[in-house]
Amino acid sequence: MSGPDIQTLLLKIYTLSLETGTYPETWKVTYVLPKHKSGPRNLVENYRPINITPVISRIMEKVIQNQLSDHLLKEDLIDPSQHGFIRTRSCSTCLIDFFNEVTRIRDQKKLAIILYFDIKKAFDKVPHNLLINRLKSVGIINPLLQWIKSFLTNRYQITKVNSNTSTPRPITSGVVQGSVLGPLLFIIYINNICKCFSTGKTYLYADDLKVIYKTDISDLRSTMETIQRELNMVNDWCKRWRLELNTEKCGWLCIGDTSLKTKLTLSNHTLPRLASVTDLGVHYSHSLNFSEHISAKASKMRKLLGFILRNFYQNESKILLYKVCVRPIAEYCSFLFSNLRVSDILKVEGIQRDFTRKVLKTDLVIDYSSRCQILGIAPLWKRRLRSNLILYFKLLKNLTYSTCKIILARDSHEYGLRNKVSTVKVEKYRSKTRENFFLTKYAIIWNSLPSETRMADELHTFVKLLDQALTCTDLARTNTSAPHSDIIGSLHV
205 MSGPDIQTLL LKIYTLSLET GTYPETWKVT YVLPKHKSGP RNLVENYRPI
255 NITPVISRIM EKVIQNQLSD HLLKEDLIDP SQHGFIRTRS CSTCLIDFFN
305 EVTRIRDQKK LAIILYFDIK KAFDKVPHNL LINRLKSVGI INPLLQWIKS
355 FLTNRYQITK VNSNTSTPRP ITSGVVQGSV LGPLLFIIYI NNICKCFSTG
405 KTYLYADDLK VIYKTDISDL RSTMETIQRE LNMVNDWCKR WRLELNTEKC
455 GWLCIGDTSL KTKLTLSNHT LPRLASVTDL GVHYSHSLNF SEHISAKASK
505 MRKLLGFILR NFYQNESKIL LYKVCVRPIA EYCSFLFSNL RVSDILKVEG
555 IQRDFTRKVL KTDLVIDYSS RCQILGIAPL WKRRLRSNLI LYFKLLKNLT
605 YSTCKIILAR DSHEYGLRNK VSTVKVEKYR SKTRENFFLT KYAIIWNSLP
655 SETRMADELH TFVKLLDQAL TCTDLARTNT SAPHSDIIGS LHV
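Numbering-wise, the sequence shown is residues 205 to 697 according to my numbering.
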């Protein structure tokens, strides 16, 4: 379906659909592609169903999603701890807020006890009648309410594996995975789960929930009683809203005391104490060590790189595939590299070093920086410095969501000095963990930027000035002396 009248035709279809509160029946048959998550591949529960929905439906869903999101945010109906599927929120913003709280607690020499929850088949088990009630409670009325009800009900799915397809099966519960609107509907449904925790601080990414409790040894017994009480409350909430906690994948972590001996239960099961956890794609231990995370990422990068180098001849193809498939693995949540050991960062940078040598078929005749220039790729340390400063700018200007607040320096004796304009306060810290945290380290780097760069009001202006500043060798070396995670810039081979 195409042509000059397509926009008019679609507008008429969408308007009629919404005015009548009717989602077209022909759009309700979707193909499901099973996507393996983890565990044995012969178990159905280890697959996530991805629905392939009609493009014409997705366009309309996007329009409704935008309007619905605007309503929810304007009326402050989404819990502040929810970072999933909302504009300006992401895994990165969730992890920044989370690690900001954890490192702050450790800097106060307190213990951080963290609960991790997993809801079994969360998107698939949402009862439609309860979801409709939740939508009513946030102010959704007809005809949109009726349209969403029509969108959810009387659906059929056909599972497709390779060229094999199943017979159509009815979908009696859940929001449509793979749809545009489904994730937002789920967020609305699960929103009140945070009210179970009056003491703990919650962090949500869709159905991925973790809760932090701050305590010290003297108050530990009282804190554990509170935690157990709130565990019981969240278990009751899930039962009431017909969701099931996966007790095998729930657990708790104590950051600050490895000798702590205590017991927590969830739904009559002992809640396991974890030595380390993988959280939103980031693996860390009870001591906030990311070495296992880096080793796993480095191994994955080397395997992909080996495949590319063995199977592609043209350097242009190798470089393109490296940029698209390999480099993003190293750059996911790059702000965490402020908190890494130098040996771990060298491990990651070494992969790009090896790649540049092998592509150019050279040993150490040409240094690393020159090889990067020849191939048109920046060193990872420099890309990380750039992306983290852009993130810092967005946080400072409220262009991205975060509960962390960056405060501009307001000292009267500094205020009139040009080189102090738009500087930020550098937080005092007592621990190495807090010193190495992104917000602390990059406050120092931010203040070392040229005043013209710091004074930029628009993102595109800041990026342009930042790129100019980063071409200055002296600036790069000044910055690398502040966050020693980025000293890689001084290592050339």
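Don't be surprised by glycine CBs; every beta carbon is placed ideally from N, CA and C.
With a threshold of 16 other CB atoms inside 10 Å of the CB of Lys609, please say whether the residue is buried or exposed.
-> The C-beta of Lys609 has fewer than 16 other C-beta atoms within 10 Å across all chains shown, which makes the residue exposed.
In whole angstroms, what is the alpha-carbon distance linking Leu222 and Pro228?
-> When the Cα atoms are used, Leu222 and Pro228 turn out to be separated by approximately 10 angstroms.
Entirely within the stretch 296-322 and at least 3 residues each: give me those beta strand (DSSP E) ranges in chain order.
-> The stretch 296-322 contains these whole beta strand (DSSP E) runs: 315-321.
Bridge partners - Asp412, DSSP secondary structure assignment = According to DSSP, Asp412 bridges with Tyr409.
May I ask you to report which of helix, strand or coil DSSP gives Pro476?
-> Note: Pro476 maps to coil in three-state DSSP.
At which residue ranges does the stretch 386-469 contain complete beta strand (DSSP E) runs of 3 or more residues, listed in the order of the chain?
-> Qualifying beta strand (DSSP E) stretches, in chain order: 405-409, 412-419, 455-459.
Sequence-distant residues of the same chain with beta carbon closer than 7 angstroms to Gly225, five excluded per side = Counting only Cβ-Cβ distances below 7 angstroms, and skipping sequence neighbours, we find Asn346, Pro347, Gln350, Trp351, Ser354.
Please work out which residues of its chain come closer than 8 angstroms, Cβ to Cβ, to Glu448, disregarding the five sequence neighbours upstream and downstream, and give them in chain order.
-> Beyond the five residues adjoining it in sequence on each side, Glu448 comes within less than 8 angstroms, by CB distance, of Ile323, Lys324, Lys325, Lys329, Cys442 in the same chain, given in chain order.
Are the CB atoms of Cys400 and Met437 nearer to each other than 8 angstroms?
-> In this structure, Met437 lies closer than 8 angstroms to Cys400 by Cβ.
Could you name the residues that DSSP lists as bridge partners for Gln286?
-> DSSP lists Leu408 as partners of Gln286.
Would you mind sorting Gly620 into buried or exposed? The rule is 16 or more other CB atoms within 10 Å of its CB.
-> Since pLDDT at Gly620 reaches only 47, below the 50 mark, its modelled position is unreliable, and the value read off the structure follows with that caveat. It counts as exposed.
Within 10 angstroms of its Cβ, does Val697 collect 16 or more other Cβ (buried), or is it exposed?
-> Any reading at Val697 needs caution, since the residue's pLDDT is 43, under 50, leaving its predicted position unreliable; the model's value is listed next. Exposed, because fewer than 16 other Cβ atoms sit within 10 Å of the Cβ of Val697.
Along the chain, where does the beta strand (DSSP E) that runs through Thr363 open and close?
-> Segment 359-365, the beta strand (DSSP E) holding Thr363.
Asn158 and Gln432: beta carbons closer than 8 angstroms?
-> Shown here, the chain extends from 205 to 697; a query on residue 158 therefore has no answer.
Using three-state DSSP, classify Val546 as helix, strand or coil.
-> The three-state secondary structure of Val546, taken from DSSP, is helix.
Could you please give the first and the last residue of the uninterrupted beta strand (DSSP E) stretch that includes Val233?
-> The continuous beta strand (DSSP E) containing Val233 extends over residues 233-240.
Would you mind giving the Cβ-Cβ distance between Ile391 and Gly510, rounded to the nearest angstrom? I have them listed as a contact below 8 angstroms.
-> Approximately 40 angstroms separates the beta-carbon atoms of Ile391 and Gly510; this is outside 8 angstroms, ruling out the contact.
Identified DSSP bridge partners for Ser471 = Within the DSSP secondary-structure output, Ser471 pairs in no beta bridge.
Can you give the Cα-Cα distance for Thr675 and Leu214, rounded to whole angstroms?
-> Taken atom to atom, the span from the alpha-carbon of Thr675 to that of Leu214 is near 49 angstroms.
Please classify Tyr703: is it buried, with 16 or more other beta-carbons within 10 angstroms of its beta-carbon, or exposed?
-> Residue 703 lies beyond the stretch modelled for the chain, which goes from 205 to 697, so this question has no answer here.
My understanding is that Leu319 touches Val415, with C-beta atoms under 8 angstroms, so please give their C-beta distance in whole angstroms.
-> Yes, Leu319 and Val415 are in contact; Cβ-Cβ is about 4 angstroms, under 8 angstroms.
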